[in-house]
Amino acid sequence: MQIATAARALRASGMCWFLTALAGQWLFVVYIAAFYGGAATRGTFAEWNEVLVGGYVAGGTVGNVVLAAHLLLAAVITIGGPLQLVPWIRARFLPFHRWNGRLYILTAIVISLAGLYMVWTRGTAGGLAMWVGISINGVLILVAAVTAWRLALARRIAAHRRWALRSFILVSGVWFFRVGLMCWILLNQGPVGIGKDFDGPFVRFWAFGCYLVPLAVLELYLRAQDRGTPTGRYAMAGGLAVLTLGTGIGIVGAAMGMWLPRLT
(Lines of atoms letter the chains of each structure in order from A and count residues from 1; the text may use other names and numbers.)
(Lines give C-alpha, C1' and ligand atoms only; values in the text may rest on other atoms or scores of the structure.)
Protein backbone atom coordinates (compact mmCIF):
# COMPACT_ATOMS: atom_id res chain seq x y z
CA MET A 1 0.00 0.00 0.00
CA GLN A 2 2.75 2.45 0.95
CA ILE A 3 4.67 1.65 -2.24
CA ALA A 4 1.60 2.28 -4.39
CA THR A 5 0.78 5.53 -2.57
CA ALA A 6 4.34 6.78 -2.97
CA ALA A 7 4.25 5.90 -6.67
CA ARG A 8 1.00 7.85 -7.10
CA ALA A 9 2.47 10.84 -5.28
CA LEU A 10 5.52 10.79 -7.53
CA ARG A 11 3.39 10.49 -10.66
CA ALA A 12 1.09 13.31 -9.53
CA SER A 13 4.00 15.64 -8.79
CA GLY A 14 5.50 14.90 -12.19
CA MET A 15 2.18 15.66 -13.87
CA CYS A 16 1.80 18.95 -11.97
CA TRP A 17 5.24 20.06 -13.09
CA PHE A 18 4.55 19.03 -16.69
CA LEU A 19 1.25 20.92 -16.85
CA THR A 20 2.89 24.02 -15.35
CA ALA A 21 5.73 23.82 -17.85
CA LEU A 22 3.28 23.19 -20.70
CA ALA A 23 1.40 26.40 -19.90
CA GLY A 24 4.67 28.33 -19.75
CA GLN A 25 6.01 26.87 -22.98
CA TRP A 26 2.87 27.58 -24.95
CA LEU A 27 2.86 31.13 -23.59
CA PHE A 28 6.42 31.37 -24.92
CA VAL A 29 5.10 30.25 -28.33
CA VAL A 30 2.53 33.04 -28.27
CA TYR A 31 5.36 35.50 -27.62
CA ILE A 32 7.49 34.08 -30.46
CA ALA A 33 4.60 34.19 -32.91
CA ALA A 34 3.38 37.65 -31.90
CA PHE A 35 6.72 39.45 -31.53
CA TYR A 36 8.99 37.82 -34.10
CA GLY A 37 6.19 36.80 -36.44
CA GLY A 38 4.54 40.21 -36.13
CA ALA A 39 7.77 42.01 -37.02
CA ALA A 40 8.28 39.66 -39.97
CA THR A 41 4.81 40.25 -41.39
CA ARG A 42 5.35 44.01 -41.13
CA GLY A 43 8.75 43.72 -42.75
CA THR A 44 10.40 45.37 -39.73
CA PHE A 45 12.94 42.63 -39.03
CA ALA A 46 15.25 45.05 -37.24
CA GLU A 47 12.79 44.94 -34.31
CA TRP A 48 14.21 41.50 -33.52
CA ASN A 49 17.38 43.22 -32.37
CA GLU A 50 15.50 44.73 -29.43
CA VAL A 51 15.85 41.35 -27.70
CA LEU A 52 18.55 39.53 -29.69
CA VAL A 53 22.28 40.13 -29.75
CA GLY A 54 23.53 39.52 -33.29
CA GLY A 55 19.98 39.20 -34.58
CA TYR A 56 18.86 40.63 -37.90
CA VAL A 57 21.71 42.02 -40.01
CA ALA A 58 20.89 44.10 -43.08
CA GLY A 59 22.35 42.36 -46.12
CA GLY A 60 23.23 39.19 -44.19
CA THR A 61 20.88 36.97 -46.16
CA VAL A 62 22.19 33.56 -45.12
CA GLY A 63 22.37 34.39 -41.43
CA ASN A 64 18.96 36.06 -41.48
CA VAL A 65 17.35 33.04 -43.14
CA VAL A 66 18.98 30.72 -40.59
CA LEU A 67 17.72 32.93 -37.76
CA ALA A 68 14.18 33.05 -39.17
CA ALA A 69 14.13 29.27 -39.59
CA HIS A 70 15.42 28.83 -36.04
CA LEU A 71 12.66 31.05 -34.63
CA LEU A 72 9.90 29.44 -36.70
CA LEU A 73 10.95 25.91 -35.84
CA ALA A 74 11.38 26.84 -32.17
CA ALA A 75 7.67 27.64 -32.11
CA VAL A 76 6.82 24.41 -33.94
CA ILE A 77 8.84 22.18 -31.64
CA THR A 78 7.59 23.91 -28.49
CA ILE A 79 4.00 23.21 -29.54
CA GLY A 80 4.50 19.66 -30.73
CA GLY A 81 7.17 18.43 -28.36
CA PRO A 82 5.11 18.23 -25.17
CA LEU A 83 2.36 16.34 -27.03
CA GLN A 84 4.82 13.48 -27.53
CA LEU A 85 4.97 12.97 -23.78
CA VAL A 86 1.22 12.60 -23.16
CA PRO A 87 0.38 8.88 -22.68
CA TRP A 88 -3.25 9.38 -23.71
CA ILE A 89 -2.19 10.75 -27.10
CA ARG A 90 0.36 7.98 -27.61
CA ALA A 91 -2.22 5.31 -26.80
CA ARG A 92 -5.12 6.64 -28.89
CA PHE A 93 -3.40 8.42 -31.75
CA LEU A 94 -0.34 6.32 -32.49
CA PRO A 95 0.04 7.44 -36.15
CA PHE A 96 0.03 11.09 -35.00
CA HIS A 97 2.58 10.26 -32.31
CA ARG A 98 4.87 8.66 -34.86
CA TRP A 99 4.65 11.43 -37.46
CA ASN A 100 4.87 14.16 -34.85
CA GLY A 101 7.89 12.35 -33.43
CA ARG A 102 9.60 12.33 -36.82
CA LEU A 103 8.87 16.05 -37.18
CA TYR A 104 10.17 16.64 -33.66
CA ILE A 105 13.47 14.85 -34.31
CA LEU A 106 14.02 16.63 -37.63
CA THR A 107 13.15 20.00 -36.11
CA ALA A 108 15.44 19.41 -33.12
CA ILE A 109 18.34 18.67 -35.45
CA VAL A 110 17.71 21.73 -37.62
CA ILE A 111 17.27 24.21 -34.76
CA SER A 112 20.38 22.87 -33.04
CA LEU A 113 22.51 23.30 -36.15
CA ALA A 114 20.97 26.73 -36.77
CA GLY A 115 21.62 27.75 -33.17
CA LEU A 116 25.26 26.67 -33.38
CA TYR A 117 25.68 28.61 -36.62
CA MET A 118 24.18 31.78 -35.14
CA VAL A 119 26.16 31.65 -31.90
CA TRP A 120 29.51 31.20 -33.59
CA THR A 121 28.93 33.60 -36.48
CA ARG A 122 26.90 36.36 -34.83
CA GLY A 123 27.61 35.92 -31.14
CA THR A 124 25.34 36.13 -28.14
CA ALA A 125 24.94 37.98 -24.86
CA GLY A 126 26.92 36.75 -21.89
CA GLY A 127 30.29 36.25 -23.52
CA LEU A 128 32.26 33.01 -23.72
CA ALA A 129 30.30 31.16 -21.02
CA MET A 130 27.07 31.60 -22.97
CA TRP A 131 28.73 30.65 -26.25
CA VAL A 132 30.13 27.44 -24.80
CA GLY A 133 26.96 26.66 -22.82
CA ILE A 134 24.70 27.07 -25.85
CA SER A 135 27.09 25.05 -28.01
CA ILE A 136 27.16 22.12 -25.57
CA ASN A 137 23.37 22.26 -25.32
CA GLY A 138 23.12 22.11 -29.11
CA VAL A 139 25.42 19.11 -29.35
CA LEU A 140 23.56 17.28 -26.57
CA ILE A 141 20.25 17.92 -28.36
CA LEU A 142 21.65 16.28 -31.49
CA VAL A 143 22.85 13.26 -29.49
CA ALA A 144 19.57 12.84 -27.59
CA ALA A 145 17.34 13.34 -30.64
CA VAL A 146 19.24 10.89 -32.84
CA THR A 147 19.42 8.33 -30.02
CA ALA A 148 15.67 8.58 -29.39
CA TRP A 149 15.02 8.09 -33.10
CA ARG A 150 17.31 5.06 -33.39
CA LEU A 151 15.74 3.42 -30.34
CA ALA A 152 12.27 3.98 -31.78
CA LEU A 153 13.31 2.29 -35.02
CA ALA A 154 14.67 -0.63 -32.99
CA ARG A 155 11.34 -0.87 -31.10
CA ARG A 156 13.15 -0.43 -27.78
CA ILE A 157 10.26 1.61 -26.47
CA ALA A 158 11.27 1.92 -22.80
CA ALA A 159 14.74 3.22 -23.70
CA HIS A 160 13.23 5.40 -26.44
CA ARG A 161 10.92 7.01 -23.88
CA ARG A 162 13.85 7.92 -21.65
CA TRP A 163 15.80 9.52 -24.47
CA ALA A 164 12.70 11.33 -25.68
CA LEU A 165 12.36 12.85 -22.21
CA ARG A 166 16.04 13.84 -22.23
CA SER A 167 15.57 15.38 -25.66
CA PHE A 168 12.57 17.37 -24.42
CA ILE A 169 14.56 18.73 -21.48
CA LEU A 170 17.53 19.68 -23.65
CA VAL A 171 15.40 21.29 -26.37
CA SER A 172 13.75 23.35 -23.63
CA GLY A 173 17.09 24.81 -22.53
CA VAL A 174 16.34 28.26 -23.98
CA TRP A 175 13.00 28.31 -22.18
CA PHE A 176 14.55 27.07 -18.92
CA PHE A 177 17.15 29.82 -19.15
CA ARG A 178 14.53 32.56 -19.25
CA VAL A 179 12.25 31.03 -16.64
CA GLY A 180 15.13 30.23 -14.27
CA LEU A 181 16.63 33.69 -14.72
CA MET A 182 13.38 35.43 -13.84
CA CYS A 183 12.75 33.10 -10.88
CA TRP A 184 16.23 33.96 -9.56
CA ILE A 185 15.67 37.71 -9.99
CA LEU A 186 12.26 37.60 -8.29
CA LEU A 187 13.45 35.50 -5.36
CA ASN A 188 16.44 37.81 -4.84
CA GLN A 189 14.33 40.92 -5.43
CA GLY A 190 16.84 42.16 -7.96
CA PRO A 191 19.47 41.13 -10.55
CA VAL A 192 21.91 39.57 -8.08
CA GLY A 193 24.85 37.96 -9.88
CA ILE A 194 23.67 39.04 -13.32
CA GLY A 195 26.41 41.57 -14.07
CA LYS A 196 26.34 44.87 -15.93
CA ASP A 197 27.24 43.15 -19.20
CA PHE A 198 25.13 40.05 -18.51
CA ASP A 199 28.23 38.08 -17.58
CA GLY A 200 27.90 37.79 -13.80
CA PRO A 201 28.41 34.57 -11.81
CA PHE A 202 24.78 33.49 -11.97
CA VAL A 203 24.66 33.96 -15.74
CA ARG A 204 27.87 31.95 -16.15
CA PHE A 205 26.42 29.18 -13.98
CA TRP A 206 22.99 29.20 -15.59
CA ALA A 207 24.46 29.13 -19.11
CA PHE A 208 25.12 25.46 -18.36
CA GLY A 209 22.69 24.90 -15.50
CA CYS A 210 19.62 25.77 -17.58
CA TYR A 211 19.77 22.32 -19.16
CA LEU A 212 22.11 20.33 -16.89
CA VAL A 213 20.08 20.97 -13.72
CA PRO A 214 16.72 19.95 -15.28
CA LEU A 215 18.47 16.96 -16.85
CA ALA A 216 19.79 15.90 -13.43
CA VAL A 217 16.29 16.26 -11.95
CA LEU A 218 14.91 14.07 -14.72
CA GLU A 219 17.49 11.36 -14.01
CA LEU A 220 16.61 11.43 -10.30
CA TYR A 221 12.91 11.21 -11.18
CA LEU A 222 13.47 8.21 -13.46
CA ARG A 223 15.59 6.49 -10.82
CA ALA A 224 12.94 7.09 -8.14
CA GLN A 225 10.25 5.86 -10.52
CA ASP A 226 12.09 2.64 -11.35
CA ARG A 227 13.92 1.67 -8.18
CA GLY A 228 13.04 4.17 -5.50
CA THR A 229 11.92 3.21 -2.01
CA PRO A 230 8.68 4.77 -0.72
CA THR A 231 10.76 7.30 1.22
CA GLY A 232 12.80 8.13 -1.87
CA ARG A 233 9.69 8.54 -3.99
CA TYR A 234 8.05 10.82 -1.43
CA ALA A 235 11.24 12.87 -1.27
CA MET A 236 11.35 13.18 -5.05
CA ALA A 237 7.67 14.12 -5.13
CA GLY A 238 8.30 16.83 -2.54
CA GLY A 239 11.29 18.11 -4.49
CA LEU A 240 9.22 18.28 -7.66
CA ALA A 241 6.51 20.20 -5.82
CA VAL A 242 9.09 22.83 -4.84
CA LEU A 243 10.44 22.93 -8.39
CA THR A 244 6.92 23.30 -9.76
CA LEU A 245 6.45 26.34 -7.55
CA GLY A 246 9.77 27.76 -8.74
CA THR A 247 8.85 27.07 -12.35
CA GLY A 248 5.54 28.86 -11.87
CA ILE A 249 7.27 31.87 -10.32
CA GLY A 250 9.72 31.96 -13.22
CA ILE A 251 6.94 31.71 -15.80
CA VAL A 252 5.05 34.62 -14.23
CA GLY A 253 8.27 36.64 -14.07
CA ALA A 254 9.19 35.88 -17.68
CA ALA A 255 5.67 36.66 -18.86
CA MET A 256 5.48 39.98 -17.01
CA GLY A 257 9.10 41.04 -17.53
CA MET A 258 10.01 39.63 -20.95
CA TRP A 259 7.12 38.42 -23.08
CA LEU A 260 3.91 40.36 -22.49
CA PRO A 261 5.55 43.83 -22.64
CA ARG A 262 6.66 43.01 -26.20
CA LEU A 263 3.10 42.24 -27.23
CA THR A 264 1.66 45.65 -26.36
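Once you know that position 98 of the sequence shown is 1024 in our numbering, the rest is easy, because the numbers rise by one and skip nothing.
In this text, a Cβ means the ideal position worked out from N, Cα and C, and glycines have one as well.
- DSSP places Ala938 within a helical segment (H, G or I) once states are collapsed to three.
- If you look at Glu1145, you'll find it in the alpha helix (DSSP H) that goes Pro1127 to Arg1153.
- A straight line joining the alpha-carbon of Gly969 with that of Tyr957 spans about 18 angstroms.
- Taking all protein chains shown into account, Ala947 has 16 or more neighbouring C-beta atoms within 10 Å of its C-beta and is therefore buried.
- CA-CA distance, His1023 to Val1118, rounds to 43 angstroms.
- The beta carbon of Ile1031 lies closer than 6 angstroms to those of Ala1071 and Trp1075 in the same chain, with the five residues before and after it left out.
- Thr1050 sits close to Ile1060, with the two beta carbons spaced by under 9 angstroms.
- With at least 16 other beta carbons inside 10 angstroms of its own, Val1129 counts as buried.
- Close CB contacts of Phe1124 within its chain, under the 7 angstroms cut and outside five residues either way in sequence, are with Ala1051 and Gly1052 (chain order).
- Put simply, of Ala972, Glu976 and Ile1177 the residue whose alpha carbon is nearest the alpha carbon of Val983 is Ala972.
- For Trp1046, the enclosing alpha helix (DSSP H) stretches over residues Leu1020 to Arg1048.
- With the rule of 3 Cβ pairs closer than 8 angstroms, the segment 1150-1165 does not count as touching the segment 1086-1102.
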